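Asks:
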Amino acid sequence: MQILKTDTSAFRGRMKMFAQNSDRQEQPKQGRGVNRWALYKQLCVAKAEFDLNDRCLAVLSSLLSFLPDDELHEKSGLVVFPSNRQLSLRAHGMPESTLRRHLASLIEAGIIARKDSPTRKRYAHKDREGGVELAFGFSFAPLLQRASEIAAIADKILADQKALKRLRDEVSVMRRDMAAAFADKAEETGELSERIEALFVRFRAIVDAIPRRASLDELSAIRANFEAIRGELAIALKTIEIVPVMSGSDAQYERQHNESLPESLFESQNGEKIDLNAPSAETPVSEKPEEGTSDELTPSISLDQVLRSCPDIREYGANGIGTWRELHDASRIVSSFLGISQSAYQEAIRFMGPETASTAIAWILQKLSAINSPGGYLRSLTQKARGGTFSIRQLLFSGMKASGGLVSI
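Per the numbering used here, the very first residue in the sequence shown carries number 835; after that it's consecutive.
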């Protein structure tokens, strides 16, 4: 005010007053402190990084409440000196033994420091106006020094939590959409193709392995796996087709194509049969047999070739399989295991012969992963044998070519 009185110009006086106000506004910025409660909230977020629990933070909150100002500043005093009784009351009646344990944890974590008096008591020396000149107790100097570190850690944790939530939502949406795509395809066709079913098995394996509290890295890996499966599923849905197994002769193409079809084309899951009596493009090598007979009553392959093509049947021989009779006995056991009805089994023996029928059952066992209904598949082969268009030789031949294990027959 004295400066304003010496001014002879109102304009000059206003300029000086503005300069003084600017100086007052800049002074706090130069020595700006940190809001105690804002810093406390940041520490609550970053408590795991400092190995602090909720009870330690409750004690820290009680200590902070003894500060006269909200700003933590070196010039305003960073030492509080409450008695154990006062501290216990502000900590909602926490026992003194528990207080001491959590105070030790705060000191060990580098959040507060102990400033002991000669008598190790907590008190303060005050001036005539009641201002604190020297205090002994707990100092918040370490907390103020680590304020920027705590803020940086808290910001990173909050950013990670936000990214985790967004990634979790993204994975949930991908999981829902992919499950709906599989369900729609199954509802549309009644079943899933072998390729799509394999993708569904991979999808379910990933879903079942998702942790209850997945980390950011785990969710990132899950999303990558989902994206890979989704890409393969999109390709599979656009390019679903049956790739026939080609033989060396064009005249045998359609017959081998029909014999290598998956079982879903012979019998649907609801048991509805599909007509398989469509004429074959194959030129018969001999006259068509009469109804109730077959040119396959005597197989045109050896038992060794059957066992090499269908090795899984060996496990069902009581003492191994060395004769056609032992193969027949094993196939009868396998037919029951596969759920093939007695009527379907007897009909196959009638029109194919026991050796050929046993070979067909061994082949069905070998290809079981690609056949949904063994009974329906055997009936379809029996219908071909009944019509004179079935060749067990070509059935095994196509199977061995598809598996890359072609041997001379």
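By construction, the Cβ of each residue, glycine as well, lies at the ideal position given by its N, Cα and C atoms.
Just so you know, these numbers come straight off a predicted model, no measurement behind them.
In this structure, how does DSSP classify ARG948 when only helix, strand and coil are distinguished?
Replies: Here residue 948 is taken as the residue at index 114 of the sequence shown, counted from 1. DSSP places ARG948 within a strand segment (E or B) once states are collapsed to three.
Asks: Could one say the Cβ of ALA1178 lies closer than 8 Å to chain C's Cβ atoms, at least one of them?
Replies: The structure shown contains no chain C; it holds only a single protein chain.
Asks: Using the Cα positions of SER922 and ARG1064, report the straight-line distance between them to the nearest angstrom.
Replies: Locating residue 922 in the sequence shown gives position 88, where the first residue counts as 1. Locating residue 1064 in the sequence shown gives position 230, where the first residue counts as 1. Going by the C-alpha atoms only, they are around 59 Å apart.
Asks: Assuming LYS1201 is part of the beta strand (DSSP E), what are its boundary residues?
Replies: In the sequence shown, the residue the question calls residue 1201 occupies position 367. No beta strand (DSSP E) contains LYS1201, which DSSP labels as neither H nor E.
Asks: For PRO1188, I'd like the list of residues in its chain whose CB is within less than 7 Å of its CB, leaving aside the five on either flank, ordered along the chain.
Replies: Your numbering for residue 1188 matches position 354 in the sequence shown. Excluding positions up to five away in sequence, the list reads HIS1162.
Asks: Which runs of the alpha helix (DSSP H) fall wholly inside the region 959–1014 and span at least 4 residues, in chain order?
Replies: 975–979
Asks: Should HIS936 go down as buried or exposed, given a rule of 16 or more other Cβ atoms within 10 Å for buried?
Replies: The sequence position of residue 936 within the sequence shown is 102, counting from 1. HIS936 should be labelled buried.
Asks: Once DSSP output is grouped into helix, strand and coil, what is the label at LEU906?
Replies: Numbered from its first residue, the sequence shown carries residue 906 at position 72. In this structure, LEU906 counts as strand in the three-state DSSP scheme.
Asks: Taking LEU1053 as the reference, give the member of ALA1020, LEU891, ALA1015 and ASP1003 with the closest Cα.
Replies: Translated into the one-based positions of the sequence shown, residue 1053 becomes position 219. Of the listed residues, the one whose Cα sits closest to LEU1053 is ASP1003.
Asks: VAL966 and GLU905 look like a contact to me (Cβ under 8 Å); what is the Cβ gap, rounded to whole Å?
Replies: Here residue 966 is taken as the residue at index 132 of the sequence shown, counted from 1. Here residue 905 is taken as the residue at index 71 of the sequence shown, counted from 1. With 8 Å as the limit, VAL966 and GLU905 do not qualify as a contact, their Cβ atoms being about 16 Å apart.
Asks: Can you round the beta-carbon distance between ILE1147 and LEU1071 to whole angstroms, since I take them to be within the 8 Å contact cut?
Replies: As a position in the sequence shown, residue 1147 is number 313, starting the count at 1. As a position in the sequence shown, residue 1071 is number 237, starting the count at 1. Not confirmed; about 36 Å, so no contact.
Asks: Under 7 Å Cβ to Cβ from SER856, same chain only, skipping five residues before and after it: list those, please.
Replies: Indexing the sequence shown from 1 puts residue 856 at position 22. Bear in mind that a pLDDT of 42 at SER856, under 50, signals an unreliable position, so the model cannot answer this.
Asks: DSSP state of GLY1173, grouped into three classes?
Replies: One-based indexing of the sequence shown puts residue 1173 at position 339. The answer is coil: DSSP assigns GLY1173 none of H, G, I, E or B.
Asks: If you draw a straight line from the C-alpha of ARG924 to the C-alpha of SER896, how long is it?
Replies: Translated into positions along the sequence shown, residue 924 becomes position 90. Translated into positions along the sequence shown, residue 896 becomes position 62. About 6 Å.
Asks: Nearest to LEU912 by alpha carbon, out of LEU1229, LYS949 and CYS1144?
Replies: The residue given as residue 912 occupies position 78 in the sequence shown. For the residues LEU1229, LYS949 and CYS1144, the minimum Cα distance to LEU912 belongs to LYS949.
Asks: Is it buried or exposed, PHE852, if we count other Cβ atoms within 10 angstroms and call 16 or more buried?
Replies: Stepping through the sequence shown from its first residue, residue 852 is reached at position 18. Below a pLDDT of 50, predicted positions are generally treated as unreliable, and PHE852, at 42, falls in that range; the measurement from the model is reported next regardless. Counting Cβ neighbours within 10 Å, PHE852 comes out exposed, since fewer than 16 surround it.
Asks: By Cβ distance, which residues of its chain are closer than 8 Å to GLY1209, with the 5 residues on each side in sequence left out?
Replies: Against the sequence shown, residue 1209 aligns to sequence position 375. Excluding residues within five positions, the ones whose Cβ falls inside 8 Å are GLU1101, LEU1172, GLY1173, ILE1174, SER1175 and ALA1178.
Asks: Rounded to the nearest angstrom, what separates LEU1229 and SER1049 at their Cα positions?
Replies: Within the sequence shown, residue 1229 is the residue found at index 395, counting from 1. Within the sequence shown, residue 1049 is the residue found at index 215, counting from 1. If I take the Cα positions, the gap works out to 51 Å.
Asks: Shortest alpha-carbon distance to ALA1015 belongs to which of ALA892, PHE1060 and GLU1149?
Replies: Taking the sequence shown and counting its residues from 1, the one referred to as residue 1015 is at position 181. With distances taken between Cα atoms, ALA1015 lies closest to PHE1060.
Asks: Identify, in the order they occur along the chain, each residue of the same chain with its Cβ nearer than 6 Å to the Cβ of GLU883, setting aside the five sequence neighbours on each side.
Replies: In the sequence shown, residue 883 corresponds to position 49, counting from 1. Around GLU883: ILE987.
Asks: With a CB to CB cut of under 7 Å and the five nearest residues on each side skipped, what residues in its chain are close to SER799?
Replies: Outside the displayed span of the chain (835 to 1243) sits residue 799, for which this structure offers no information.
Asks: Which same chain residues, not among the five before or five after THR1157, have their C-beta less than 8 Å away from its C-beta?
Replies: For the purposes of this step, residue 1157 is taken as the residue at position 323 of the sequence shown. Answer for THR1157: LEU1137, listed in chain order.
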